[in-house]
Amino acid sequence: MNVIPISYYLALSGILFGLGVVGFVFKRNIITIFMAIELMLNAVNLAFVAFARAHSQLDGLVFVFFVIVVAAAEAAVGLAIVIALAQTRQSLNVDRVNLLKF
Amino acid sequence: MPILDHLWIILALPLLGSAINGLIGGPLGQRWTKTAVNTVGVGSVALSFLCVCEAVREFSALPADQIPVFRDFFTWMIAGPFRADFALQFDQLTLVMTLIVTGVGLLVHIFSVGYMAHEGGYYRFFAYLNLFVFFMLTLVLGANLLITFVGWEGVGLCSYLLIGFWFLKKSAADAGKKAFITTRIGDMGFMVGILLAFATYRTIDYREMFAAVSSSPVETHLGVITAICLLLFMGAVGKSAQLPLYVWLPDAMEGPTPVSALIHAATMVTAGVYIVARMNPLFSRAPIAMLVVAIVGAVTAFYAATIGIAQTDIKKVLAYSTVSQLGYMFLACGVGAYSAGIFHLMTHAFFKGLLFLASGSVIHAMGGEQDMLKMGGLWKKIPVTAWTMMIGTLAISGIPPFAGFFSKDQILWAAYAGPYANKLLWALAFVAALITSFYMFRLMFLTFFGQPRYDEHHVHVHESPWSMLGPLCILAFLSTVGGWFAAPKLWDGPDHFKNFLDPVFASAASLAPHITEPGQSIELEFSGFAVLAGVIGLVIAISLYLGDPERPKRLAKKLGALYTLVYNKYFVDEIYGALIVRPLIWLSRNVLWQVVDVGMIDGTVNGAADAARAAGSEARQLQSGNARSYATWVIVGAVGFTALLLGLLGMRP
Chain W
183 MNVIPISYYL ALSGILFGLG VVGFVFKRNI ITIFMAIELM LNAVNLAFVA FARAHSQLDG
243 LVFVFFVIVV AAAEAAVGLA IVIALAQTRQ SLNVDRVNLL KF
Chain G
303 MPILDHLWII LALPLLGSAI NGLIGGPLGQ RWTKTAVNTV GVGSVALSFL CVCEAVREFS
363 ALPADQIPVF RDFFTWMIAG PFRADFALQF DQLTLVMTLI VTGVGLLVHI FSVGYMAHEG
423 GYYRFFAYLN LFVFFMLTLV LGANLLITFV GWEGVGLCSY LLIGFWFLKK SAADAGKKAF
483 ITTRIGDMGF MVGILLAFAT YRTIDYREMF AAVSSSPVET HLGVITAICL LLFMGAVGKS
543 AQLPLYVWLP DAMEGPTPVS ALIHAATMVT AGVYIVARMN PLFSRAPIAM LVVAIVGAVT
603 AFYAATIGIA QTDIKKVLAY STVSQLGYMF LACGVGAYSA GIFHLMTHAF FKGLLFLASG
663 SVIHAMGGEQ DMLKMGGLWK KIPVTAWTMM IGTLAISGIP PFAGFFSKDQ ILWAAYAGPY
723 ANKLLWALAF VAALITSFYM FRLMFLTFFG QPRYDEHHVH VHESPWSMLG PLCILAFLST
783 VGGWFAAPKL WDGPDHFKNF LDPVFASAAS LAPHITEPGQ SIELEFSGFA VLAGVIGLVI
843 AISLYLGDPE RPKRLAKKLG ALYTLVYNKY FVDEIYGALI VRPLIWLSRN VLWQVVDVGM
903 IDGTVNGAAD AARAAGSEAR QLQSGNARSY ATWVIVGAVG FTALLLGLLG MRP
């Protein structure tokens, strides 16, 4: 059986994570930033699954479920914040949300 | 033996009186009437005096092998080999001292009832006086150096409190501080002396220390015994107002007159003489230290007497005369005549207490005036004060048969022909005796004779109440007969006072170099010579002050610079001010304050705070409120941490 080497998965995971980071830092739209965070989470999920498969252990798979649950909860809270922000600021630009500072 | 077994009662009574008056009599609760304060203040000292009398009675019945009476009440502190007990002892020397302290103290308390009647802070005054008596008794009853030191510092404290009794007056407050700080210089030496004594003998207990030293030979070089003695003597110089630390005592006259009588004449200032006499087994083994004591004593006796000539404040004259007489006592100890020194201490307590109280009575009569140049002709108006003061003057001038004659004669004789005789010091003391007689009669003549120099319409001179005159009469009686213990010696009989004290000074006597006693007739002639000094002083005083009132002024003008020098007390206060006080203030202000305190200490503290604030104000810029910049920091942190793991710590995947 032809097995795709783990390094392929890890490379893809790294690329996805990098894209997430770049999106997270450079995008101003709060929804986009949100999606970048999801992208990073899923990149990590991919790495977990790949390792679990390669080492034939369930630990990694279990951890993926945890991450998905946390991501879902985060999305629920995060999107609620986004709606609240959108209502008060009439905008989704994070740079305008900067009241909490020195 | 109830009292001798419970020596602490003698101490506890004045302390109790002080506590009652100080705590209840004044600020707390209702203010007591003066009668209540009197009763407690005088009563506690009177009871203490009675206890001492009872102790004396019991003591006289003791066999010689039980002397000194030694009572250990409890252990005060133990630290390694160091051990200090609360222990009291009672021997012949203590007996004399406690009798003087409680006896003269009682008379001064009674006198104060009348003298302080119109003063504020009445309860406070008596609380301080009682506290003083407590500490003084602690000093003389203590059986080790540390207990003595407690009393030593305690009387210093009371002296400070009482000199500054009228603390609203700046000069009084300053004088109190001056006394406290000046004696502190000596006390430092005293403290080091105690430590050195402990380091040498592993004990501070008198009995054990004297037992340890009893095998030591006489130390003719500068050794450890000499060092201990000189350090203890340094404390004595401060407390007993000798050169060069005498400057506080004349200023101490700012206190109420009874205080001057009790503390600065009769008792506290004699503490230095007491400690030298108490430590006689050590001093006798350190001839060099004894010589220092004798020189300081003789020079002070002469020096202070010369200053007394030109003073016009009645109390200042007595103050300098006290310094001078204390010098005599040290001279006596320095030439090995300890019992003569203690004898003079006792007679001095009588006649100087008398003189001070009488001067207080004069000041009281004059309504507060202390300048003798504004008195004169008081003899008829206050005869009891005048007569008693005359007796005190005759006593201090060494005119027989008054008390001072016997004690001063013994000191002069010991300096002239004793085992440690020193003719030069004798000459100084002899001239000082002459001057003493002169300035004391000058005081008498200026105060009581001649024409009144005050405004008779404004000053209503009145004799003092009997609560003041009574103590004067008792002290006058004592000043007359107080020296008669030694009188039989004049016709080759025993000297009862010396014989009584001899057991205390036994080791000193055994160490003294042997001399052949000059014959009795020579001693008698010598006594006549000493009386002559007093008479010459009297004659000079008569010729100057009883005749033409302008004559002293003419003489002063003729002497010119010399008179100015003496009148200004040799400018010693100014010299100390210029050499010590001003440089110290300059150093404090310009170096310690501006450089060390402001620059270094404040600089460090404020600098640390400023640095923290500056760092904070820079660092808070990081919290920009911009979520994306936080994200950047998170990434930088993550990358940095990963790099740290991989690179620096050498962890490899």
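Respectively, the protein sequence lines represent chains W and G. Quick note on our numbering: the first sequence kicks off at 183 and runs consecutively. Quick note on our numbering: the second sequence kicks off at 303 and runs consecutively. Ideal Cβ positions, reconstructed from N, Cα and C, are used throughout, including at glycine.
Asked                                                                                                                       : Found
Runs of beta strand (DSSP E) lying entirely within the segment 666-699 of chain G, each at least 3 residues, in chain order : none
Burial state of Gly830(G), where buried means 16 or more other Cβ atoms lie within 10 Å                                     : exposed
Chain W within 8 Å of Ile937(G), Cβ atoms only                                                                              : yes
Distance, Ile326(G) Cα to Tyr425(G) Cα                                                                                      : 9 Å
CB of Thr502(G) within 8 Å of CB of Ile530(G), strictly                                                                     : yes
Cutoff 8 Å: Val185(W) Cβ touching any chain G Cβ                                                                            : no
For Asn582(G), three-class secondary structure by DSSP                                                                      : helix
8 Å Cβ cutoff, Thr944(G) in contact with chain W                                                                            : no
Members of the segment 918-931 of chain G that neighbour chain W once the beta carbon cut-off is set at 7 Å                 : Arg922, Gln923, Gln925, Ser926, Gly927, Asn928, Ala929 and Arg930
Local conformation of Arg278(W) per DSSP, three classes                                                                     : helix
Span of the beta strand (DSSP E), counted from its first residue to its last, around Phe388(G)                              : Phe384 to Phe392
Option nearest Leu840(G) by Cα separation, candidates Met536(G), Ile737(G) and Asp489(G)                                    : Ile737(G)
Sufficient close CB pairs (3 or more, under 8 Å) joining the segment 679-693 of chain G to the segment 741-759 of chain G   : yes
Cutoff 6 Å; reference Gly610(G); Cβ partners in own chain excluding five residues on either side                            : Val619, Tyr622, Ser623 and Tyr741
Segment contact, 8 Å Cβ cut-off, at least three pairs: the segment 647-665 of chain G with the segment 718-731 of chain G   : no
C-beta neighbour in chain G for Leu282(W), strict 8 Å                                                                       : yes
Three-state secondary structure (DSSP) of Asp615(G)                                                                         : strand
Three-state class that DSSP yields for Asp476(G) in the structure shown                                                     : helix
Classification of Ser238(W) by the beta-carbon crowding that lies within 10 angstroms, buried from 16 upward                : exposed
Contiguous alpha helix (DSSP H) assignments of at least 4 residues, all confined to the segment 332-370 of chain G          : 336-362
Beta-carbon neighbours of Ala933(G), restricted to chain W and to distances below 9 Å                                       : Val203, Phe206, Val207 and Ile215
Cutoff 6 Å; reference Ala639(G); Cβ partners in own chain excluding five residues on either side                            : Ala716 and Gly720
Any 3 or more C-beta pairs closer than 8 Å across the segment 254-271 of chain W and the segment 346-361 of chain G         : no
At least three beta-carbon pairs within less than 8 Å, the segment 584-599 of chain G to the segment 521-537 of chain G     : yes
CB-CB length for Val575(G) against Leu628(G), believed under 8 Å                                                            : 7 Å
Where Val259(W) meets chain G, residues with beta-carbon distance less than 7 Å                                             : Under the 7 Å cutoff, chain G gives no residues; its nearest Cβ is about 15 Å from Val259(W).
Sequence-distant residues of its chain with Cβ nearer than 7 Å to Pro851(G) (five each side left out)                       : Gly752
Anticipated Cβ contact below 8 Å, Phe535(G) with Val578(G), distance rounded                                                : 7 Å
Leu221(W) to Val936(G) span [Cα, whole Å]                                                                                   : 17 Å
C-beta neighbour in chain G for Val279(W), strict 8 Å                                                                       : yes
Backbone secondary structure at Ile776(G) - three-state DSSP                                                                : helix
Anticipated Cβ contact below 8 Å, Pro316(G) with Val347(G), distance rounded                                                : 6 Å
Per-residue DSSP class, three states only, for Met418(G)                                                                    : coil
Touch test, the segment 366-375 of chain G against the segment 448-461 of chain G, Cβ-Cβ under 8 Å, three pairs minimum     : no
DSSP-derived helix/strand/coil call for Thr866(G)                                                                           : helix
Environment of Val276(W) [buried if 16+ CB atoms lie within 10 Å]                                                           : buried
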